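Novice: The opening position of the first sequence corresponds to residue 86 in the working numbering, with each subsequent residue numbered one higher.
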Amino acid sequence: MSFRIYNTLTRSVQEFTSLEPGHVRMYTCGPTVYNIAHIGNFRAYVFEDLLRRWLQFKGWRVTQVMNLTDVDDKTIHGSREAGVSLADFTAPFKKAFFEDLRALNIEPAEYYPAATDHIPEMIELISRLMEGGHAYQSEDGSVYFSIDSWPSYGKLARLDRAGMRSGVRIHSDEYDKENVADFALWKAWDEKDGDVAWDSPWGRGRPGWHIECSAMSQKYLGASFDIHTGGVDNIFPHHEDEIAQSEAANGQPLAAFWIHCAHLMVDGQKMSKSRGNFYTLRDVLAKGYTGREVRYELIATHYRAALNFTMASLDAARVSLRRIDEFTERCKAAAGDVAAGDLPVWAQQAAQRFEAAMDDDLNVSAALATLFDTIREGNSALDAKKLTDAEAAALLALFRKWDTALGVLEKPAATVPPEIQALLEQRQAARAAKDWAQSDALRAAMAAQGWLVKDTPKGQVVSPA
RNA sequence: GGCGCGGUAGCCAAGUGGUAAGGCGAGGGUCUGCAAAAUCCUUAUACAUCGGUUCGAUCCCGAUCCGCGCCUCCA
86 MSFRIYNTLT RSVQEFTSLE PGHVRMYTCG PTVYNIAHIG NFRAYVFEDL LRRWLQFKGW
146 RVTQVMNLTD VDDKTIHGSR EAGVSLADFT APFKKAFFED LRALNIEPAE YYPAATDHIP
206 EMIELISRLM EGGHAYQSED GSVYFSIDSW PSYGKLARLD RAGMRSGVRI HSDEYDKENV
266 ADFALWKAWD EKDGDVAWDS PWGRGRPGWH IECSAMSQKY LGASFDIHTG GVDNIFPHHE
326 DEIAQSEAAN GQPLAAFWIH CAHLMVDGQK MSKSRGNFYT LRDVLAKGYT GREVRYELIA
386 THYRAALNFT MASLDAARVS LRRIDEFTER CKAAAGDVAA GDLPVWAQQA AQRFEAAMDD
446 DLNVSAALAT LFDTIREGNS ALDAKKLTDA EAAALLALFR KWDTALGVLE KPAATVPPEI
506 QALLEQRQAA RAAKDWAQSD ALRAAMAAQG WLVKDTPKGQ VVSPA
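1. Closer than 8 Å by C-beta to Trp-145: which residues in its own chain qualify, once you throw out the five before and the five after it? Chain order, please.
2. Compare the Cα-Cα distances from Gln-303 to each of Ile-124, Pro-292 and Gln-337 and report the closest residue.
3. Would Thr-160 and Thr-117 qualify as a contact pair, given that the criterion is a beta-carbon distance under 8 Å?
4. Helix, strand or coil: how does DSSP classify Ile-344 here?
5. Can you give the Cα-Cα distance for Leu-399 and Asp-173, rounded to whole angstroms?
6. Going by alpha carbons, who is nearest to Arg-289 out of Asp-225, Arg-243 and His-295?
7. Can you give the Cα-Cα distance for Tyr-221 and Ser-357, rounded to whole angstroms?
8. Sort Arg-138, Ala-529 and Gln-149 by Cα distance to Ser-310 and report the nearest one.
9. Taking DSSP as the reference, what is the three-state secondary structure of Val-538?
10. Helix, strand or coil for Lys-355? Go by DSSP, reduced to three states.
11. To test your reading of the DSSP string, which unbroken alpha helix (DSSP H) runs of 4 or more residues are found completely within the stretch 466-502?
12. Can you tell me which of the three DSSP states Gln-141 falls into?
13. Does the pairing of the stretch 269-282 with the stretch 342-360 give three or more beta-carbon distances under 8 Å?
14. What three-state label does DSSP hand Arg-146 in the structure shown?
15. Classify His-256: buried if its beta carbon has 16 or more other beta carbons within 10 angstroms, exposed otherwise.
16. Excluding the 5 residues preceding and the 5 following Val-98 in the sequence, name in chain order all residues of the same chain whose CB lies nearer than 7 Å to its CB.
17. Buried or exposed for Ser-164, please, with buried defined as at least 16 other CB atoms from any protein chain shown within 10 angstroms of its CB.
18. How many angstroms separate the CA atom of Ala-199 from the CA atom of Thr-489?
19. What residue from Leu-472, Gly-535 and Asp-525 has the CA that sits closest to Pro-502's CA?
20. Taking 8 Å as the threshold (C-beta atoms), are Val-317 and His-348 in contact?
21. Pull up the DSSP beta-bridge partners for Phe-268, would you.
22. What are the boundary residues of the alpha helix (DSSP H) that Gly-163 is part of?
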């Protein structure tokens, strides 16, 4: 079965093939490290992780690059306001970003280049654009890309260039530019930039926003690579501008597939910093939810559909995950140390349906439906004692395989503190003596400390409440 | 205004030219010292509106209404 995915460039679902056999090169636009990313941002990173994992599931080796934008208006403004250097200002946000990635079980990319480490590469690229007549320096010293020099400008966003020009000119007071839609490659130093500046052939200044992605993708992935991703809000202008810069400089297509995920919504509106309607992952964890639950919610809706974020859906995610956990634990108990045998026929069919669903533009909802069908079938078979131990082991293996793609099925092991362990042992003794009053008291004591005790045929099970 | 996306049962959410997955919720059974959890079964005459094409449309076409996004920094 082949993997098909929606390409913004062609506005259609296309069969995915890699330029280089067996190897996918993927560039994913990363965070601007001027504050803590919110979970709307993380929807994109979780989506990209799912895409990466599915490519691997299908047998490709993946080289993924995610940039860290650590120099722009916001980072400079923030550092000056805080009275610290740019590097000192962004460092804690970089650290927090990686912590959040781990909490969401996002696989690390191969490269996380920071913009400030690649200024020479950007200058080199801008120089080539200047030489090729695609860029010019304005009176204030800034360098702009000339969209009039690049006829295919607008091909990703499908812009009407004629309409765009006449519409925007009225509102523009940037007379330095030849065309108001021209965008900055290099921004001349300004008082507001403080000590943030680099020398360049065009004087001191700093790079424009888009040039970093062009320079860094080329350095780590080559002039042409397979996949470029981001949120739909990056289609224009960011990705459009990247295409113009890179393709004008290199004369070859930047990326074959442009894949964009839809927004995370809150109360029917896009979650965003500027609207103030956002939650950080930390906010949600502080409410007692886990990174795994957040990942489940973010993953369960198709990546091209807007997803309305609510605590109620996190609760639903929690219950759904518990159902998955109960099933895998039942299978583990049944399988013991038995080697995995063949899957029951219904599970073989489920495996095919799962893969077909994911192959179809990452249809996770359909894949999860298959997974829950499998759980119901499996539970019924276990109830009826119709599942062999070897089949239970095979089902576990199937779930593990599915989880290489989903990254959400495996339950993180909770470490039980010694004092709770001691209470458990006391309670077990009380129960053996049928001292129910004592048993209930101990259960209450553990509940007070945040541990939920369940009595199962195999004994007590504790979990964090 | 330009470009684009969406409106499926109480909520979330797939999907298809021949009367519609799955999850949550709800009801019932089983299990259980109790509890919690789990599990099985059941559940709702759900496809925005109006036309058109068709033997037949929720799925195709057109119009309308509503919601959302991008067009400026934005995942």
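Using N, Cα and C, we set each Cβ at its ideal position, and we do this for glycine too.
On a predicted model such as this, the values are computed, not experimentally measured, just so you know.
Specialist: Checking against the coordinates, here is how it stands:
1. Ser-103, Gly-107, His-108 and Val-109
2. Gln-337
3. yes
4. strand
5. 35 Å
6. For Arg-289, the closest alpha carbon among the candidates Asp-225, Arg-243 and His-295 is that of Asp-225.
7. 34 Å
8. Inspection of the sequence shows that residue 310 is occupied by Phe rather than by Ser. Taking only the C-alpha atoms, the option nearest Phe-310 is Gln-149.
9. Val-538: strand per DSSP, three-state reduction.
10. strand
11. 474-491
12. helix
13. no
14. strand
15. Its pLDDT being 39, under 50, His-256 is placed unreliably in this model, and the value from its coordinates should be taken loosely. Flag for His-256 reads exposed.
16. Arg-89, Ile-90, Tyr-91 and Asp-446
17. buried
18. When rounded, the distance between both Cα atoms is 28 Å.
19. Gly-535
20. For His-348 and Val-317, yes; Cβs fall inside 8 Å.
21. Answer is Phe-230.
22. Following the DSSP letters along the chain, one finds Gly-163 inside the alpha helix (DSSP H) bounded by residues 158-167.
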